[in-house]
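This report refers to the structure that appears directly beneath it.
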Amino acid sequence: MKSIQQKVRWHTVLTDESGQRLDNFLIAQLNKVPKSLVYRIIRKGEVRVNKKRAKPDYKINSGDLIRIPPVKVAEKAPLPSAKLDKIAKLEAHILYEDASLIVVNKPSGLAVHGGSGLNFGLIEGLRALRPKDKHLELVHRIDRDTSGILLVAKKRSVLKALHEQLRNKEMNKQYLALVRGQWQKRVRLIEAPLQKNTLLSGERIVRVSAEGKPSQTRFRIHQRYAEGTLIEASPLTGRTHQIRVHCQHAGHPIAKDPKYGDTDFDELIASKGLTRLFLHAWKLAFKHPETDKNIQFEAPLDENLTLALSQLTKQ
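In terms of UniProt numbering, the sequence shown has 88 at position 88, counting the first letter as 1, and numbering is strictly consecutive.
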């Protein structure tokens with residue numbers, strides 16, 4: 001990817017941008033620049049707010065004039081064509097849309113954003129489909145192999161308000177997962193700290209560790225089968241692979257999980273037609289940032305998950 005040398009830029013803070021920290025604003029503006037460089041140019045005084053030095057945690061205000069110094073940034077890759085089959089199909093996965101946000105039922109196998117060898121992800125696809133919406137941003141993320149509800153903000157103010165709901169645990173997320181064995185009814189909350197690790201192969205993996213970050217997931221039995229249990233999982237924290245690792249930690253790995261699964265169980269469920277990770281972001285409830293109304297969305301299971309369940313024996 002080519003890099004381009006920027007010139008000095010002067011940016012007047014818009015009402016929609018006010019209230020965020022200076023470092024976060026610059027990280028978004030210079031999204032291909034290492035964070036360490038962003039903090040260095042602030043520390044050296046190369047960034048100016050109203051012609052004065054400012055600290056990284058300064059809350060920018062509407063009308064502030066920010067000097068952004070010249071730095072080398074990677075040239076942005078062009079958006080994929082909205083005519084591409086994969087992109088066009090995203091339209092059918094939109095569950096709801098208004099002037100503030102988009103709710104999408106993300107298909108399994110599609111990353112939420114491009115990078116690491118991927119030409120594009122869901123957010124780039126939506127930007128190609130909605131070129132007039134200049135501020136489309138992911139509110140949260142789900143794993144590439146996980147399907148289900150994703151929330152995308154159309155405005156900076158909406159993104160900020162929804163992030164606040166996430167921080168305050170005011171947004172309710174429910175997942176469906178098919179797990180090995182019979183989940184015990186008394187296991188309703190798992191509190192197990194999680195730590196990211198990198199293996200010698202370079203693969204990233206998450207483990208339960210006393211040195212990890214606090215992590216909580218609520219669980220409820222949705223349906224019992226002879227072959228396993230369909231559970232509802234509600235993460236109270238947002239750690240990487242949280243539900244997958246907490247299920248493994250409980251002794252009930254999720255079906256067809258390539259990192260944390262069980263080979264024998266995977267083969268059994270594959271014989272029922274399952275070809276992908278059985279983890280689906282099922283329901284999402286939150287307060288609409290602009291109407292202040294409580295709203296809830298539900299994403300239907302895809303054909304592969306539905307087929308697999310139809311082949312199991314209910315108890």
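All C-beta atoms, glycine included, are put in the ideal place defined by N, C-alpha and C.
For a cut-off of 8 Å, the C-beta gap from residue 217 to residue 190 is around 5 Å, short enough to register as a contact. Within a 10 Å sphere around the beta-carbon of residue 156 sit 16 or more other beta-carbons, which makes this residue buried. A Cβ-Cβ distance of about 6 Å is found for the pair residue 112 and residue 123, placing them in contact under the 8 Å criterion. Listed in chain order, the alpha helix (DSSP H) elements of length 4 or more contained wholly in the segment 170-239 amount to none. Around residue 151, the same chain offers 101, 103, 139, 140, 162 and 284 as residues with beta carbons nearer than 7 Å, after the five sequence neighbours per side are excluded. Taking C-beta separations shorter than 7 Å and ignoring five residues to either side along the sequence, the partners of residue 63 in its chain run 12 and 13, following chain order. Taking 8 Å as the cut-off, the Cβ atoms of residue 297 and residue 177 do not count as close. When DSSP reads this structure, residue 285 sits in a beta bridge with 172 and 296. Residue 153: member of the beta strand (DSSP E) spanning 147-153, first to last residue. In terms of Cβ geometry, residue 134 and residue 20 do not form a close pair [threshold 8 Å].
Bounds of any beta strand (DSSP E) do not take in residue 15, whose DSSP letter is neither H nor E. Of the candidates 154, 39 and 224, the residue whose Cα lies closest to the Cα of residue 184 is 224.
Assigned with DSSP and collapsed to three states, residue 58 falls in coil, not helix or strand.
Three or more Cβ pairs drawn from the segment 244-263 and the segment 204-213 lie within less than 8 Å of each other, which places the two stretches in contact. Between residue 232 and residue 174, the gap from beta carbon to beta carbon is short of 8 Å. Contact annotation: residue 312 and residue 203 have beta-carbon atoms that are not nearer than 8 Å. Apart from sequence neighbours up to five positions away, the residues of its chain that approach residue 196 with a beta-carbon distance below 7 Å are 204, 206 and 240, ordered along the chain.
Contact annotation: residue 90 and residue 30 have beta-carbon atoms that are not nearer than 8 Å. Residue 273 has its alpha-carbon roughly 54 Å from the corresponding atom of residue 58. Looking at the DSSP output, residue 96 sits in a beta bridge with 103. DSSP places residue 246 within a helical segment (H, G or I) once states are collapsed to three. For the pair residue 66 and residue 60, the Cα-to-Cα distance works out to about 9 Å. With distances taken between CA atoms, residue 137 lies nearest to 153 out of 149, 51, 153 and 143. Excluding sequence positions up to five before and after residue 264, its CB lies less than 6 Å from no other CB in the same chain. By the neighbour-count definition (other C-beta atoms within 10 Å, threshold 16), residue 10 is an exposed residue. For residue 67, the enclosing beta strand (DSSP E) begins and ends at 65-68.
Rounded to the nearest angstrom, the gap between the Cα atoms of residue 86 and residue 105 is 14 Å. Judged by their CB atoms, residue 26 and residue 54 are not nearer to each other than the 8 Å cut-off. For the 8 Å CB-CB criterion, residue 109 and residue 145 form a contact.
Residue pairing by DSSP places residue 279 opposite 177 in a beta bridge. Judged by DSSP in its simplified three-state form, residue 124 adopts helix.
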